[in-house]
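In mature numbering (1 follows the signal peptide of the UniProt record, and there is no 0), the protein residues as written are -23 to -1, 1 to 38.
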């Protein structure tokens, strides 16, 4: 199954390469703010400049 997994990984990489980001938007992520999990504080994303940040998008319906 390793060759199959490698093939799927290669296919995924090729599909992602075809996807191009739209950079026509104005500004950067650093102009946004977000509330902490409990909502007690607002964090300016520009305060995180130069750090590694992981955003997790959790959606329910």
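The beta-carbon is built from N, C-alpha and C at its ideal position, and this holds for glycine as well.
Point to revise | Per-residue DSSP class, three states only, for residue -18 | key: helix
**Study point:** Where residue 8 sits in the DSSP three-state scheme
**Key:** helix
Exercise for review: Give the DSSP bridge partners of residue 20, in chain order.
Suggested key: 11
Review point. If you drop the 5 nearest sequence neighbours on each side, which residues of the same chain put their C-beta closer than 7 Å to that of residue 13?
Key: 20
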